[in-house]
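Number of protein chains: 2
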Amino acid sequence: MVQSYEQISAADFFYRNRDIAGFTNPTRAIFSSLRELVENSLDAADHSGIPSDVYIRLSYDHERAAREAHEAKSVDENLFDNDVNDSEPKIYRLRVADNGSGVPARHIPSAFGQVLFGSKYKLKQARGTFGLGGTMALLYGQITTHKPAFVVSSTGGARIYVYKLVVDIQRNRPIIMDRKILLNKEGWRGTIVEFSLEGDYAKAMSRILEYLKQTALVNPYANITFIDPRGRLYKFDRVTKSMPSPPKETKPHPYGVDVETIQRLIRATPYRNMIDFMRNHFHRVGEKTAHNFLESAGIGKTRNPKRLSQEGIVRLVKMMKRFRAFLPPDASCLSPIGEELLKAGILKELKPEFVAICSRQPSTYSGHPFIVEAAIAYGGEIQRKNDIILYRFANRIPLLYDEASDVSWRIIKRINWRRYKVAAGMPIAILVHICSTKVPYKTVGKEFIADRPEVKREITNSIREAARNLQHFLTKREHVEKERRRLSTFSKYLPKIARFSTELAGKEKPPNIKKLLSSVRKYEEN
Amino acid sequence: MVQSYEQISAADFFYRNRDIAGFTNPTRAIFSSLRELVENSLDAADHSGIPSDVYIRLSYDHERAAREAHEAKSVDENLFDNDVNDSEPKIYRLRVADNGSGVPARHIPSAFGQVLFGSKYKLKQARGTFGLGGTMALLYGQITTHKPAFVVSSTGGARIYVYKLVVDIQRNRPIIMDRKILLNKEGWRGTIVEFSLEGDYAKAMSRILEYLKQTALVNPYANITFIDPRGRLYKFDRVTKSMPSPPKETKPHPYGVDVETIQRLIRATPYRNMIDFMRNHFHRVGEKTAHNFLESAGIGKTRNPKRLSQEGIVRLVKMMKRFRAFLPPDASCLSPIGEELLKAGILKELKPEFVAICSRQPSTYSGHPFIVEAAIAYGGEIQRKNDIILYRFANRIPLLYDEASDVSWRIIKRINWRRYKVAAGMPIAILVHICSTKVPYKTVGKEFIADRPEVKREITNSIREAARNLQHFLTKREHVEKERRRLSTFSKYLPKIARFSTELAGKEKPPNIKKLLSSVRKYEEN
Chain A
295 MVQSYEQISA
305 ADFFYRNRDI
315 AGFTNPTRAI
325 FSSLRELVEN
335 SLDAADHSGI
345 PSDVYIRLSY
355 DHERAAREAH
365 EAKSVDENLF
375 DNDVNDSEPK
385 IYRLRVADNG
395 SGVPARHIPS
405 AFGQVLFGSK
415 YKLKQARGTF
425 GLGGTMALLY
435 GQITTHKPAF
445 VVSSTGGARI
455 YVYKLVVDIQ
465 RNRPIIMDRK
475 ILLNKEGWRG
485 TIVEFSLEGD
495 YAKAMSRILE
505 YLKQTALVNP
515 YANITFIDPR
525 GRLYKFDRVT
535 KSMPSPPKET
545 KPHPYGVDVE
555 TIQRLIRATP
565 YRNMIDFMRN
575 HFHRVGEKTA
585 HNFLESAGIG
595 KTRNPKRLSQ
605 EGIVRLVKMM
615 KRFRAFLPPD
625 ASCLSPIGEE
635 LLKAGILKEL
645 KPEFVAICSR
655 QPSTYSGHPF
665 IVEAAIAYGG
675 EIQRKNDIIL
685 YRFANRIPLL
695 YDEASDVSWR
705 IIKRINWRRY
715 KVAAGMPIAI
725 LVHICSTKVP
735 YKTVGKEFIA
745 DRPEVKREIT
755 NSIREAARNL
765 QHFLTKREHV
775 EKERRRLSTF
785 SKYLPKIARF
795 STELAGKEKP
805 PNIKKLLSSV
815 RKYEEN
Chain B
295 MVQSYEQISA
305 ADFFYRNRDI
315 AGFTNPTRAI
325 FSSLRELVEN
335 SLDAADHSGI
345 PSDVYIRLSY
355 DHERAAREAH
365 EAKSVDENLF
375 DNDVNDSEPK
385 IYRLRVADNG
395 SGVPARHIPS
405 AFGQVLFGSK
415 YKLKQARGTF
425 GLGGTMALLY
435 GQITTHKPAF
445 VVSSTGGARI
455 YVYKLVVDIQ
465 RNRPIIMDRK
475 ILLNKEGWRG
485 TIVEFSLEGD
495 YAKAMSRILE
505 YLKQTALVNP
515 YANITFIDPR
525 GRLYKFDRVT
535 KSMPSPPKET
545 KPHPYGVDVE
555 TIQRLIRATP
565 YRNMIDFMRN
575 HFHRVGEKTA
585 HNFLESAGIG
595 KTRNPKRLSQ
605 EGIVRLVKMM
615 KRFRAFLPPD
625 ASCLSPIGEE
635 LLKAGILKEL
645 KPEFVAICSR
655 QPSTYSGHPF
665 IVEAAIAYGG
675 EIQRKNDIIL
685 YRFANRIPLL
695 YDEASDVSWR
705 IIKRINWRRY
715 KVAAGMPIAI
725 LVHICSTKVP
735 YKTVGKEFIA
745 DRPEVKREIT
755 NSIREAARNL
765 QHFLTKREHV
775 EKERRRLSTF
785 SKYLPKIARF
795 STELAGKEKP
805 PNIKKLLSSV
815 RKYEEN
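Right, here's the structure in full:
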């Protein structure tokens, strides 16, 4: 009659609900594993300031394949599904290596063998968001193959650490099966992760390649190398060594706080008066602003924050949210792609005839700063499709799923494109990138962006601005096209007219039209 | 240079990412809090087998409102946003009381003050899925109001327990601020939860009322009472006391296992040979099936499961997934609404002219059994809209968000409705309910159902079947309508024809047409 109760660990929660983190089935899981590790690698490289080299190898686990073939022969085919078949999920080995900042030895087991442990819990723009991805990939590999994972890393010091790990899912703890220390003679710095997992490359392939192509587009300073299970090599070479300035950690903004945040700051603060507390813990709150705020809110400047009552804390939060004179968050902590790099990436990967970039001023939602960058590319090698092709990015990672649920898609559907001289079937691609200290993802699997009003407004305005540029280009082209046709007709008939007029006028020699024709042709060539 | 690492608790994770759990903003949060508690109450009543009485009261926190009004006067309106304004988020008090099975005293603090603790981790159909919802509601209330929550519960024994709780978010632990024990003189059984939270009832109201109306529709045995902040009473009375048979816990099915599940079973099993292990731990695996399987897979029947090697475990999982002769999951553990109750609920809440119900045979995905029930309602008090109105349910809870992302919506968009004689603008509502031991939600916020092939197929077929019934009804009505018009014309002219024929034939007395006319009228009346 009475229900039974139990507790589960965070790892157990994400194990039972791995759909939510993007590990729904072998096809999706092989994609998610690859993307989570690649994103960790790119984040680590940003942090080091050195242009990223990421090397990805996905191979069949031949040992396993041979054993399965042998087994397939030895069981009754009437009773068992035979899976020695190209389209069945197979066992793969995934290896991702980078030249990033590396993971300190003491943190390696937890960083990869425990969920909710990592470096992504600061208020800082990063690709990895939830502190889950890397461990989820290893967890998925483990539950489908029962094989341990290998992590090799060095922060550039004298040693390289090699760990053989397994996740204790019920306790959310890493189990170290083996550990080796190697001499780092060449001063290598970076991380290598290798593990086995069940996947379906045949079905995942196009998504994986699209992901790598789009990643290369928005990270044109990165070298990305991918060797697939069929032994094919895909290279996305860097077109520049200049990297955008790296993202910086920032303090919370007064408009984004709640009671819990304030309590934690109070518990941790070394400051014993409210003026210093306000000045030092919040983004863009200086002496003068702190003074203004505390005075207007009727909170004593010399009051000890640790002595605030429960009521006092609630009131402080409320006053902070409503005070109009706090400076809006600045976006100096953010790291947008930038117009130059964006253009370089688009030209490299999409090869269009025309590109318009629009980079908006920073804006904020819920106290988090964000920047939207949009681009419209037209013609060239862009394919004609029924719909506009949309590329979505957040914190420099491509979003490839659930397009129809994304705020950018909805915005594009609502725009009246004929206003901008865009007709159905034109070869057009739109690119939207948002960077923020907190990207408003709807899901843990980072599939699409939620419908926040401030974000929606910025994306709408940026697309419209780029669309106006496109409109000018198309109008001018239309104009040039009209002129060309007009003059083409002109140049077709001019010789005839010259001849007939000569006859009519009874002259012998037709007028010299070469000069006229040549000016027409000059026009055509332009 | 080197990144800093930290660990966060599961409560902290969901605090930082509460969007994901449906607590995005005050409007959404007040809805999510209410729904999570109501669903817990309905689950508790199912478990007890007694028709549910759920009482919900949402009121303004007047004490707080008075204080805010006072404060609003005392601060400089130039510097602070004035929020004594109807549309601003306010502080509310939410109270949900039920007559369900109650929570044992020793579990109350953890059930409400800790995430990932609860009764929802069994393999059983339940509304609550993630073991998060109740605690998330209290957590949200706490971070917006800094007030503790109250939980009162009794399992029907001699005592009633009253707890005053706060969630220690960083440690994911409840903090018991106070505890009282009362004598349970009337033998009451149930649970009452009461807490304060920031919300926006004006914006959330229509969604909340829609939620309660739809909940009443699929739980027609429940009494639901709601008093809103404006003092208005909404009553959804039960139309029946008969409840569907309660959901039952079930064992995992061989097709749904992975290495982790098997390892946990092996660790916990009291059985020392594979035959007993297979027979006792898996759904619908009896002596004969276990024998067949082990023999065909080449696994010794007397082998001790605890002695299986790593390799052996992996092989066992693979063989179990591929063995064709396991019986498919039966759905006896599931508790669909049932045709009778579904019809009663639809007639009560939608008052249509016509209802067609289609209840499919059970099916499975990934080893989880599920049943789809669909209904189409037409005419009566159903409104005419541009689109078909869609009601979505899973495990007897309404899904009110992200309709366009839901698999049912996509299916409806693809169906060629003219085949079924459905024209645009007809007053039609479609209802889809799926129950399962594991509903394939896409998100923790339980907004919509993912696109699993087996689920998609069942929903498609059930809608089409109900649509065929509707088609018959519409065709017959069309036919009747035609006949009626024909006979109406007939009865208009018959008297004249009778008179003219009489004159033409030179007769005095017209024939008796009364009998003919009366048979026409009889037709019209039918």
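Residue numbers (the working numbering), protein chains in the order written: chain A, 295 to 820; chain B, 295 to 820. Yeah, the Cβ is synthetic: ideal placement off N, Cα and C, and Gly gets one too.
Determine, using beta carbons only, whether residue 390 of chain A comes closer than 8 Å to chain B.
no
Check the Cβ of residue 410 of chain B against every Cβ in chain A and list those closer than 9 Å, keeping chain order.
301, 302, 303, 304, 306 and 307
Let me confirm a value: residue 336 of chain A is counted as buried when at least 16 other C-beta atoms fall within 10 Å, else exposed. Which label applies?
By the neighbour-count rule (16 or more Cβ atoms within 10 Å), residue 336 of chain A is buried.
Nearest by alpha-carbon distance to residue 515 of chain B: which of B/358, B/501 and B/638 is it?
B/638
Return the Cβ separation of residue 788 of chain A and residue 768 of chain A in integer angstroms, given the expectation that the two are a contact with Cβ distance under 8 Å.
Not confirmed; about 30 Å, so no contact.
Please tell me whether residue 430 of chain A has its Cβ less than 8 Å away from any Cβ of chain B.
no
Could you pull the DSSP bridge partners for residue 771 of chain A from this structure?
Paired residue(s): none; residue 771 of chain A is not in a bridge.
For a cutoff of 8 Å on Cβ pairs, would you count residue 401 of chain A as touching chain B?
yes
For residue 702 of chain B and residue 419 of chain B, which I take to be in contact (beta-carbon distance under 8 Å), what is that distance rounded to the nearest angstrom?
So it is not a contact: roughly 19 Å between Cβ atoms.
Tell me whether residue 800 of chain B is buried or exposed, calling it buried when 16 or more other Cβ atoms sit within 10 Å of its Cβ.
exposed
Assuming residue 719 of chain B and residue 680 of chain B form a contact by the criterion Cβ under 8 Å, report the distance between their Cβ atoms to the nearest whole angstrom.
7 Å
Please compile the residues from chain E whose C-beta is within a distance smaller than 7 Å of the C-beta of residue 373 of chain B.
The question asks about chain E, but that chain is absent: this structure's protein chains are A and B.
Would residue 379 of chain B pass as an interface residue toward chain A - the criterion being a Cβ-Cβ separation below 8 Å?
A caution first: residue 379 of chain B carries a pLDDT of 47, below 50, which makes its placement in the model unreliable, though a value can still be read off. Not one chain A Cβ lies under 8 Å of residue 379 of chain B.
Could you tell me which chain A residues have their CB closer than 8 Å to the CB of residue 554 of chain B, listed as they occur along the chain?
309, 436, 437 and 463
Buried or exposed, going by whether 16 or more other CB atoms sit within 10 Å of the CB of residue 350 of chain B?
The Cβ neighbour count for residue 350 of chain B, taken over all protein chains shown within 10 Å, is at least 16; the residue is labelled buried.
Output yes if chain A places a C-beta closer than 8 Å to the C-beta of residue 695 of chain B; else output no.
no
Using a C-beta to C-beta distance shorter than 9 Å, which residues of chain B count as neighbours of residue 317 of chain A?
Correct list: empty, because the minimum Cβ distance to chain B is about 11 Å.
Skipping 5 residues on each side, what residues in its chain have a beta carbon closer than 6 Å to that of residue 695 of chain A?
741
In chain B, which residues lie with their C-beta within 8 Å of the C-beta of residue 424 of chain A?
307 and 311
In this structure, how does DSSP classify residue 516 of chain A when only helix, strand and coil are distinguished?
coil
Return the chain-ordered list of same chain residues with a C-beta closer than 6 Å to the C-beta of residue 519 of chain A, the five sequence neighbours on each side being excluded.
Taking residue 519 of chain A as the centre and dropping the five residues before and after it, the same chain places the C-beta of 349 and 529 closer than 6 Å to its C-beta, in chain order.
So if I threshold CB-CB distances at 7 Å, which residues from the stretch 345 to 356 of chain B count as touching chain A?
none
Given this structure, state the Cα-to-Cα distance separating residue 478 of chain A from residue 484 of chain A, to the nearest angstrom.
11 Å
Quick check on the burial criterion: 16 or more other C-beta atoms within 10 angstroms. Buried or exposed for residue 790 of chain B?
exposed
Within 8 Å (strictly less), CB to CB, does residue 860 of chain B reach chain A?
Because chain B in this structure spans residues 295 to 820, residue 860 of chain B falls outside the shown range and cannot be described.
Which residues in the same chain have their Cβ closer than 8 Å to the Cβ of residue 675 of chain B, if we skip the five residues on either side of it in sequence?
Taking C-beta separations shorter than 8 Å and ignoring five residues to either side along the sequence, the partners of residue 675 of chain B in its chain run 644, 645 and 646, following chain order.
Take residue 522 of chain B as the anchor and find which of B/546, B/404, B/793 and B/495 has the nearest alpha-carbon.
B/495
Per the contact definition of three or more C-beta pairs closer than 8 Å, is the stretch 500 to 507 of chain A in contact with the stretch 619 to 639 of chain A?
no
Go to residue 340 of chain A, then tell me how far its alpha helix (DSSP H) extends in each direction, as first and last residue.
320 to 342
Answer yes or no: do residue 315 of chain B and residue 313 of chain A have a C-beta to C-beta separation smaller than 8 Å?
no
Using alpha carbons as the reference points, say which of B/665, B/460, B/573 and B/435 lies closest to residue 621 of chain B.
Selection B/665, B/460, B/573 and B/435 evaluated against residue 621 of chain B yields B/573 as nearest (Cα-Cα).
Is there a Cβ of chain A sitting closer than 8 Å to that of residue 370 of chain B, yes or no?
Interface flag for residue 370 of chain B against chain A is set, since a Cβ pair is found closer than 8 Å.
Quick check on residue 299 of chain A: does DSSP put it in helix, strand or coil?
coil
Mind pulling the chain B residues with CB within less than 9 Å of residue 528 of chain A?
Under the 9 Å cutoff, chain B gives no residues; its nearest Cβ is about 29 Å from residue 528 of chain A.
Which residue comes first and which comes last in the beta strand (DSSP E) that contains residue 733 of chain A?
That residue, residue 733 of chain A, is in no beta strand (DSSP E); it is neither H nor E in DSSP.
Only counting the same chain, and skipping five residues up and downstream in sequence, which positions put a Cβ closer than 8 Å to that of residue 381 of chain A?
Only weak support is given to the placement of residue 381 of chain A: the predicted model assigns it a pLDDT of 47, under 50, and the value that follows is read from those uncertain coordinates. Answer for residue 381 of chain A: 494, 496 and 497, listed in chain order.
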